[in-house]
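The block underneath contains the structure these notes are about, expressed in structure tokens.
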Amino acid sequence: MSIITWKPEVDEIERRKKIAYQMGGEEGVRKQHSKGKMTVRQRIDALVDTGSFSETGVMAGEAAYEKNNLTKFIPCPIVMGLADINGRKVAVHGDDFTVKGASVGRMYKAKLAYITKMAHELRIPVVRLLDGAGGSIKEIAQIGYTELPVITDAASQHMAELMSMVPVVSIGMGPVSGIGAKLMVASHFSIMVKEMCQVFVGGPPLVKWAFGQDISKEDLGGYKIHASISGVVDNVADNEEDAMEQAQKFLDYLPTNVWEMPQRKYQEKDDSQRQEEELLSIVPRKPQKTYNMRKVIELIFDKDSFFEIARYQGQSQITGLARLNGFPVGVLANNNKFRAGAFAWDVAEKFQRFVDMCDTFHIPIINLVDQPGFFIGRQSEEFGTIRKGVRASFSVLQATIPWATIYIRKCFGVAGGAQSNPNQLNWRYAWPSAVWGNIPVEGGVFAAHRSEIEKSENPTTRLDELMEMYRGYASPFRTAEAFGIEDIIDPRETRPLLCKWIEMVYPTEQLRLGIKTRGMRC
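Numbering (our numbering), first residue to last: 9 to 530.
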């Protein structure tokens, strides 16, 4: 007696999966490799822990039949599923450029909505591997009408909430336009592969049609624009492997979701009581001379733990993640080597997004201040520095995370006021090199005493006398006497002091776990 089984159908499952795994076929894969690019499946394998990827929707695609027999199958150009990165569960989806240039159609949107919903319900991080040309006009012919654009589609509904719930990382590995560009910016951390990825709202053909302008993809949306000028993308990678390593490293500092605290890890045991002699002399006595703020960061935080974000955009402001006695922290610092560290229009969005991100994921911030004030001049006024800067300062006022401020040198004006939050417990410490006020002595004395100076028999001498008097008032010791600053410290004690602080404040932030009432601003 023969046994009837479902073996034929099981064989059909495997046959269809095999077709899907071939992606756009040998020619499509060859073209992808000829550009120095991995296929989407190779990328996922390189990103996640070996053997951990569990795919969903592998058999979704365009099929053709003849007498109920499958004669043609084109897989949907998005691959998605769950995997582990360094042992932690994440949702991963990637564009398959070998299939129709990863053009976005209804099925693509449906799969994107599903993986977004999966991350939302499971409360796990999302990593996007973007390499697609966006929507295709050919879909109009397939469905027979044009659809009204909306932002309340299934994916978007959960996407906005995701930004306030779980870490979202996007990696641009080729041309990224349309919905891909939207995904790129709706992220907490974004990376583009140098000279391989370009991001734009509309590509060169649309620009040619609209303006009659011939422009290359790189000139329109390459890394020199988006990682340096626009700030659309945070970091640049030299190649795909570098991009995935950066994504893995970023996630290592963040919790799985906002209901957990970031994990304490010792990358290499580093003495919490370490005192660096170099800190005592790193700030020059002459205020006109610069010093290396990144070196200061290196000397204070755990060795080799600083991971900089958005280095080439808003360069007078340094932002990044680091560890302090193993605890993840956000780092803000002013780069006095660029615009003297001034708060310019291009700093505002970078500053705000970073503070919001740290606040969303309960990451305490340490701010190393050398802030001369808002950048001034005609260009500053044209770009609305004061509006953008004040808006950014609200992110500090709205943040509820523990915040420690180390005043290293300058702190002046409205921009200086945005360096800490007076509405919550202020952890503020000053180095002896610190000076502050509403306006620098050098710029304020002549403005306030102009008439007196000009009428003096020796204006230069009188100006010097007044400058000397006001410099005495500007001593940080005068402010400490009035309890205007909590402590002035030996710079060498900065790391031990902050290590004690972080041990103390992490448990307090744990009491605030969950979604912040403000939410995450893209």
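Ideal Cβ placement from N, Cα and C applies to all residues, glycine included.
Owing to the predicted nature of the structure, the values given are computational and were not obtained by experimental measurement.
* Where do the ends of the alpha helix (DSSP H) carrying His234 lie? -> 231–234
* Distance, Cα to Cα, Leu405 vs Arg436? -> 15 Å
* Asked: Are the Cβ atoms of Leu340 and Ile373 separated by less than 8 Å?
  -> yes
* Reduced DSSP category for Tyr514 - H, G, I as helix; E, B as strand; rest coil -> helix
* Beta bridge counterpart(s) of Asp92 as assigned by DSSP -> Lys97
* **Cut-off 7 Å between Cβ atoms - residues of its own chain near Gly109, not counting five sequence neighbours on either side** => Gly140, Ala141
* **Bridge partner(s) assigned by DSSP for Ser198** => Ser178
* Asked: Where does Ala54 fall in DSSP's three states?
  -> helix
* Three-state secondary structure (DSSP) at Ala442? -> coil
* With a threshold of 16 other CB atoms inside 10 Å of the CB of Trp444, please say whether the residue is buried or exposed. => buried
* To do: Would you check if the distance between the CB atom of Lys534 and the CB atom of Ala194 is smaller than 8 Å?
  => Lying before the first or after the last residue shown, residue 534 is absent from the chain, which here runs from 9 to 530.
* For Ile199, I'd like the list of residues in its chain whose CB is within less than 6 Å of its CB, leaving aside the five on either flank, ordered along the chain. => Ile179, Asn243, Ala245, Ala251, Gln254
* Roughly how far, in whole angstroms, is the beta-carbon of Gln8 from the beta-carbon of Asn342, given that I think they are within contact range, below 8 Å? -> Since the first residue shown for the chain is 9 and the last is 530, residue 8 is missing from the structure and cannot be characterised.
* Asked: Taking Cβ positions, are Ile93 and Val48 nearer each other than 8 Å?
  -> no
* Return the Cβ separation of Lys97 and Ile132 in integer angstroms, given the expectation that the two are a contact with Cβ distance under 8 Å. => 5 Å
* Mind checking which residues open and close the beta strand (DSSP E) that includes Ile82? => 77–83
* **Nonlocal neighbours in the same chain, by C-beta distance under 6 Å from Leu521, ignoring five residues either side** => Trp267
* Just how far apart, CA to CA, sit Ile384 and Glu316? -> 26 Å
* Asked: Given that a residue counts as buried once 16 or more other Cβ atoms are within 10 Å of its Cβ, and exposed if not, what is Asn333?
  -> buried
* Since Val37 and Thr106 are thought to touch, with beta carbons under 8 Å apart, how far apart are those beta carbons, to the nearest angstrom? -> 6 Å
* **Opening and closing residue of the alpha helix (DSSP H) in which Phe550 lies** => Here the chain comprises residues numbered 9 to 530, so residue 550 is not present and cannot be evaluated.
* To do: Could you tell me the distance, in whole angstroms, from the CA atom of Val207 to the CA atom of Leu214?
  => 14 Å
* Asked: Are the Cβ atoms of Gln283 and Glu501 separated by less than 8 Å?
  -> yes
* Where does Tyr415 fall in DSSP's three states? -> strand
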